[in-house]
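In what follows, a structure is listed as structure tokens, so that the remarks can point back to it.
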Amino acid sequence: MAVSLNKVKFLVVDDNAHAINLVKTMLRGFGTDRLDDAQTIEAAKQRMKANPADIVILDYMMGTEEGVTFARWLRNAPDSPAPYTPIILLTGHADLTRVMAARDAGVNEFCIKPVTPADLMKRIVQVINNPRPFVRSATYFGPDRRRRDDPAYKGPERRADRKPKA
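Residues 143 to 308, numbered by our numbering, are exactly what the sequence shown covers, in order.
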């Protein structure tokens with residue numbers, strides 16, 4: 143699990159300055175000082191365009207905005223500077239509807255608030271050491287949403303690379 147973060151650049155996006163400082167303190171404790179932050183989605187877009195981060199840590203609720211708006215932009219907009227950038231979503235709202243909305247927007251990992259350093263580091267290690275391949279379809283672009291193979295699944299195979307040869 144040893145990961146060196148001293149060369150990893152983070153963008154922390156949250157409308158709450160205290161939350162930004164808390165996450166940045168954790169990241170400094172992990173060994174990085176390459177930190178940027180934004181308190182609005184528009185500011186986050188500008189930061190990514192000016193100097194893209196390696197990993198984005200994004201809050202779900204940003205005042206009247208939702209962080210998934212930024213995730214959709216980063217994944218799909220023609221002017222997105224880095225559509226493959228890992229996104230770790232922080233949320234105090236872990237209901238299924240919001241988790242699915244974030245997953246469908248292309249978020250890589252989730253951390254439930256209040257976030258602990260161990261939880262955040264686990265998600266960072268996951269996106270660095272075990273990145274999921276990206277999938278593009280007519281309605282989705284982002285990390286493969288399948289997290290595991292279910293050997294008990296007996297339904298039709300939808301993935302072309304897994305269909306039995308005729």
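Here a beta-carbon is modelled for each residue, glycine too, at the ideal position from N, C-alpha and C.
Among the options, whose alpha-carbon lies nearest the alpha-carbon of residue i?
i, options, result
"residue 275", "281, 285, 267", "285"
"residue 181", "175, 172, 202", "202"
"residue 153", "279, 256, 229, 204", "229"
"residue 184", "251, 210, 172, 257", "210"
"residue 145", "268, 298, 287, 278", "268"
"residue 193", "178, 225, 204", "178"
"residue 219", "288, 283, 297, 246", "283"
"residue 265", "240, 249, 280, 277", "249"
"residue 244", "270, 214, 234", "214"
"residue 279", "236, 257, 247", "247"
"residue 188", "271, 162, 212, 168", "212"
"residue 311", "236, 293, 288, 232", "Since the first residue of the chain shown is 143 and the last is 308, residue 311 is not available in this structure."
Kindly indicate the opening and closing residues of the beta strand (DSSP E) around residue i.
i, result
"residue 285", "283-285"
"residue 267", "Segment 259-271 is the alpha helix (DSSP H) holding residue 267; no beta strand (DSSP E) there."
Could you tell me which residues DSSP puts in a beta bridge with residue i?
i, result
"residue 180", "155"
"residue 276", "285"
"residue 201", "232"
"residue 252", "231"
Leaving out the 5 sequence neighbours to the left and right, which residues in its chain are closer than 7 angstroms to residue i when beta-carbon positions are compared?
i, result
"residue 174", "147, 148, 150, 152"
"residue 263", "172"
In terms of residue numbering, what span does the alpha helix (DSSP H) encompassing residue i cover?
i, result
"residue 239", "238-247"
"residue 213", "209-218"
Looking only at its own chain, which residues have a Cβ that is under 6 angstroms from the Cβ of residue i, when we skip the five neighbours before and after it?
i, result
"residue 196", "150, 151"
"residue 157", "181, 204, 205"
"residue 234", "255"
"residue 277", "286"
Leaving out five residues on either side along the sequence, give the residues of the same chain with a beta carbon under 8 angstroms from the beta carbon of residue i.
i, result
"residue 190", "153, 198, 216, 222, 223, 224, 227"
"residue 261", "253, 254"
"residue 236", "252, 254"
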